[in-house]
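Residue numbers (this note's numbering): 49 to 399.
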C-alpha cells in the first residue's frame, strides 16, 4: 500500500492522554465509513479519516496494546502545527496557531501543548521513524516546547518523571546532528543560546529546576540564578536550594558559566553550557560583583555533596529549557557522574 509519509505527531485521546505516533496517509482498497473506535492491531492502528483516506498510526504503546479504546474525540497533531480532528459528528481539519503569534492562548490549548511536550519527552527515545535521515527527536521536542507560552513552560517540571529527565539528556544529543536547515526550521533563524541568559548588568535570569534521583528527594525543587559580573562581563550564577536561611548559609553554591559547544572529558558527549563550581579563590567573583537586588549569601567553599570539582553540563532542548548532567572530578584521571536535572526559565516579570 503506497502513501504519503507524515512526520511524527502526537495523538491526544479524550481524557487528556497523549501518545506519540509515526504515520502515513494512504488510499484504501475499499471506501470505509468513519470509525467510531480506535482499535490497536499489533503495533499499529488504522483510522478512516474520510471515505477515501486512511491514516495508519505506528507506535501504539505496549501498555495499551491489549485494550480497545473508544474515543468520542481524537486529535492528531503534526510537528508542523496542523491538526486533523475527528468527532462523533464527523471529521474536520483546523490549523493550530503558533504560540508566539497569539496574544492569548486558551487555557485548554496550553494544557494540550504541555501534555504533548511531556509525552514527547517520555517517548521520543522509542519512536521508530520511517526515514531516520530526516527524523530528529530533539527538534521534535524543541518545536513542542517552543509552542508553549514562556510563562507556562515551568509547568513542564511537574509533568516529567525522573527517568524522563535522564532520557531527555540522551535524546537532546540528536540536535547536534541536525542540519542548519533543520535547526532554522525548528528554532527560528534568529535564535541564539545567549537569548536564554542575561544581557544587561542589572538583569538576573532565574531558572526553575528539578533534579532526577537522588537529590530531588533531599532538596526538592531548586533554582539557578544567572548574572553578569560588572568588571569583566563574564557570566556567573548560584543555586538556590530553597531550604530557608540555613540552606542559604550552608549552600551558597556559586558557579562560573560558559556558553559554547564543549565535550564532557569522561564521555566525549557534547554540551552547550558549562557551570563550574570553583573554590572561592579560583572563582574570580568578589562580594561587590553580585547584583544589588535579591539574596546573595557570602561566597564560601562548597560543601558535600557539591564539593570535589563539580561541573554541570547543559544541553538546550527548547527556548529557555535545558537538561543537564553534573560530573565530579574524582582525581586527575577519573570522573564520576553526579546527577541529571532539568531547567526551565522563569519569565523575568515573575517574582
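Just so you know, even glycine gets a beta-carbon here, dropped at the ideal spot from N, CA and C.
None of the values given here were measured: they were computed from a predicted structure.
Could you tell me the alpha carbon to alpha carbon distance between residue 377 and residue 302, rounded to whole angstroms?
Walking along the chain shown from the start, residue 377 turns up at place 329. Walking along the chain shown from the start, residue 302 turns up at place 254. Looking at the two C-alpha atoms, the distance is approximately 18 Å.
Residues that residue 307 bridges to, as DSSP identifies them:
Along the chain shown, read from residue 1 onward, the residue named residue 307 stands at position 259. Answer is 321, bridged to residue 307.
Locate the beta strand (DSSP E) running through residue 382, then write down its first and last residues.
Position 334 of the chain shown holds residue 382. 382-393 is the extent of the beta strand (DSSP E) around residue 382.
Over the uninterrupted alpha helix (DSSP H) stretch that includes residue 211, give me the two end residues.
For the purposes of this step, residue 211 is taken as residue 163 along the chain shown, with counting starting at 1. It spans 210-220 - the alpha helix (DSSP H) in which residue 211 sits, taken as one unbroken run.
Quick one: is residue 261 buried, meaning 16 or more other Cβ sit within 10 Å of its Cβ, or exposed?
Sequence index remark: in the chain shown, residue 261 carries index 213 (1-based). Exposed, by the Cβ-count rule.
Three-state secondary structure (DSSP) of residue 377:
Residue mapping note: residue 377 aligns to position 329 of the chain shown, counting from 1. Here residue 377 sits in strand by DSSP.
With a CB to CB cut of under 8 Å and the five nearest residues on each side skipped, what residues in its chain are close to residue 198?
Numbered from its first residue, the chain shown carries residue 198 at position 150. The answer, listed in chain order, is 367, 368, 393, 395.
Taking residue 383 as the reference, which of 370, 360, 179, 202 has the closest Cα?
Counted from its first residue, the chain shown places residue 383 at position 335. Among 370, 360, 179, 202, the Cα nearest to that of residue 383 is on 360.
Name, in chain order, the residues that DSSP records as bridge partners for residue 271.
In the chain shown, counting from the first residue as 1, residue 271 sits at position 223. Residue 271 is bridged to 256, 288.
Just checking, does the region 208-218 make contact with the region 336-343 on the three C-beta pairs under 8 Å criterion?
no
Which residues bound the alpha helix (DSSP H) around residue 228?
The residue labelled residue 228 in the question sits at position 180 within the chain shown. Where residue 228 is concerned, the enclosing alpha helix (DSSP H) stretches over 228-235.
Please report the straight-line C-alpha distance between residue 370 and residue 311, rounded to a whole angstrom.
For this step, residue 370 is matched to residue 322 along the chain shown. For this step, residue 311 is matched to residue 263 along the chain shown. When rounded, the distance between both Cα atoms is 16 Å.
Along the chain, where does the beta strand (DSSP E) that runs through residue 360 open and close?
Counting from 1 along the chain shown, the entry for residue 360 is found at position 312. Counting along the chain, the beta strand (DSSP E) containing residue 360 begins and ends at 358-366.
Put residue 283 into one of helix, strand or coil per three-state DSSP.
Here residue 283 refers to the residue found at position 235 when the chain shown is read from its first residue. Three-state result, residue 283: strand.
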